[in-house]
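Read in numbering that gives the first Met the number 0, the sequence shown has 111 at position 112, and its numbers run on one by one without any break.
Every residue, glycine too, gets a C-beta built ideally from N, C-alpha and C.
Since this is a predicted model, take the numbers as computed values, not measurements.
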Amino acid sequence: MPRLAWIAVVGGAASLFFVSPALAGSLGHLRTYDTGGFVFGTGIADFDRDGKTDLIVANDRADEGDHLSFLRGRGDGTFRKPRVIRDGRGPEGIVVARLNRDRLPDFAVADYDASAVSIFLNRGDGKFKLARKLDGGPGNWLLEAADMDDDGRLDLVSGNYDSEGTDVVSVFLGKGGGKFEARHDYASTTPITAMALGKLDDDAYMDVVTVDESGQMFSLLGDGDGGFLDEEPPYKFTLSTVGRQAVLGRFTAGDTLDVAVPLYSSDEVAVVPGFGNGFFGPPSISDAGDGANGIAGGDFDRDGDLDIAAGAFNDEGVRMLFGPGTGTFDCSHPAPGSAGTQTIEVGRLDGDKRLDVVAGTDTGIDVFLGQPFTC
């Protein structure tokens with residue numbers, strides 16, 4: 000019996016084709032935005048308090064000028080013309096969070112060229128104040144936010160590509176008001192290409208997973224004080240070159256977190272099942288797009304099981320992977336895009352209950368809106 004699912008429709012021209020069972024997997028262009036750079040980071044939130052989802056995009060491309068772009072949402076999955084925010088030092092990873100005492104979403108950016116982290120506080124009208132710059136780890140380009148020391152204040156965690164091994168992960172403990180302590184560095188496998196935060200064992204503290212470009216994965220278990228235990232349980236596998244991003248979620252049956260990563264050179268996605276103690280089991284492999292790069296998880300078909308949106312750098316688009324909750328995916332559909340995909344983010348962009356996808360590309364972003372099809 001065909002399974003009803005939801006897939007994203009990619010942007011380009013302003014026409015939309017409805018999908019029927021006879022046209023399963025057919026896609027029409029909706030909207031593409033040229034933001035003037037390689038997009039390695041995207042933030043999704045209602046930044047200007049108008050009830051419509053907006054975007055912050057990091058553009059790292061020196062020949063066209065490094066900068067950020069703010070795209071104000073119209074509420075229907077389309078966005079107004081990008082407005083430039085100055086940040087000329089290789090902006091890459093973005094994390095959206097409430098970094099000070101108000102209720103507005105702020106954001107922080109990992110500036111790769113400067114090995115710095117820029118803190119932007121929201122003024123509430125679609126404008127942002129560069130509040131401070133933090134001295135970051137060497138070549139920091141991945142960025143996440145979580146309460147690492149269990150004090151009720153958000154902290155920042157960066158992944159550093161140019162590390163020599165002892166400073167792969169940096170933690171900036173939050174002091175409140177958008178202020179942070181100087182970074183503390185920790186060792187992991189290197190050079191790091193993907194990082195994810197979550198609770199990997201049975202305590203209440205946040206942990207970190209890093210993956211290097213050769214496919215080696217390493218877990219850092221939090222100690223509750225913002226650092227990590229001395230005896231980190233490593234799990235290593237070598238499959239093929241790993242693309243950008245990793246995502247944690249319950250992709251297999253059970254209550255523990257698993258890790259999903261794109262495998263660039265083998266055009267696959269690996270789901271690595273977690274045991275709940277910082278260790279992981281053998282990965283399950285599923286076919287993905289050509290040059291798998293960028294990944295996000297979500298229940299796109301609304302069946303209660305996590306699915307995957309995987310970027311396809313060489314195919315220039317996104318491939319949606321649907322499965323029964325076993326860590327493997329028995330149905331996949333491509334969503335053609337405009338350029339090579341670097342990163343994937345998920346949110347609700349048009350006011351309905353379906354998850355939508357934003358793909359960062361070599362030239363800007365492709366916006367994919369959830370639409371029904373049969374699998």
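CB of residue i within 7 angstroms of CB of residue j, strictly
i	j	result
Arg88	Asp105	no
Val260	Val210	yes
Leu348	Ser331	no
Asp254	Val270	no
Gly175	Arg152	yes
Gly296	Gly248	yes
Thr340	Asn292	yes
Glu91	Asp112	no
Asp33	Thr362	yes
Gly324	Ala245	no
Leu172	Asp148	yes
Ser169	Leu199	no
Ala311	Val356	no
Leu228	Met194	no
Proximal residues to residue i (C-beta, below 7 angstroms), its chain only, five neighbours per side dropped
i	result
Thr189	Ser162, Gly164, Val167 and Asp211
Leu129	Ser117 and Phe119
Arg85	His66
Three-state class that DSSP yields for residue i in the structure shown
i	result
Ala291	strand
Ala195	strand
Pro371	strand
Lys80	coil
Gly24	Caution is warranted here: a pLDDT of 28 is assigned to Gly24, below 50, making its placement in the model unreliable, and no coordinate value can be reported.
Asp202	coil
Arg88	coil
Gln215	strand
Pro261	strand
Arg30	strand
Asn58	strand
Glu267	strand
Tyr185	strand
Cutoff 6 angstroms; reference residue i; Cβ partners in own chain excluding five residues on either side
i	result
Lys51	Gly72 and Gly74
Leu103	Asn121 and Gly123
Ala13	Legend: pLDDT at Ala13 = 28, less than 50; position of this residue unreliable, value from coordinates given subsequently. Here the set comprises nothing.
Leu354	Gly297, Phe299, Val345 and Gly369
Ser265	Ser239
Residues near residue i by beta carbon distance below 8 angstroms, same chain, minus five either side
i	result
Ser114	Asp134, Gly135, Gly136, Pro137, Gly138, Asn139, Asn159 and Asp161
Any non-hydrogen atom of the ligand FMN within 6 angstroms of residue i CB
i	result
Phe39	No copy of the ligand FMN occurs in the structure displayed, which carries no ligand at all.
Worksheet item: Quick one: complete beta strand (DSSP E) runs, 3+ long, within the region 295-355?
Response: Entirely contained in the region 295-355, the beta strand (DSSP E) runs reaching 3 residues are, in chain order, 306-311, 316-321, 330-335 and 340-346.
Worksheet item: Which runs of the beta strand (DSSP E) fall wholly inside the region 97-158 and span at least 3 residues, in chain order?
Response: Entirely contained in the region 97-158, the beta strand (DSSP E) runs reaching 3 residues are, in chain order, 105-110, 115-121, 127-134 and 139-145.
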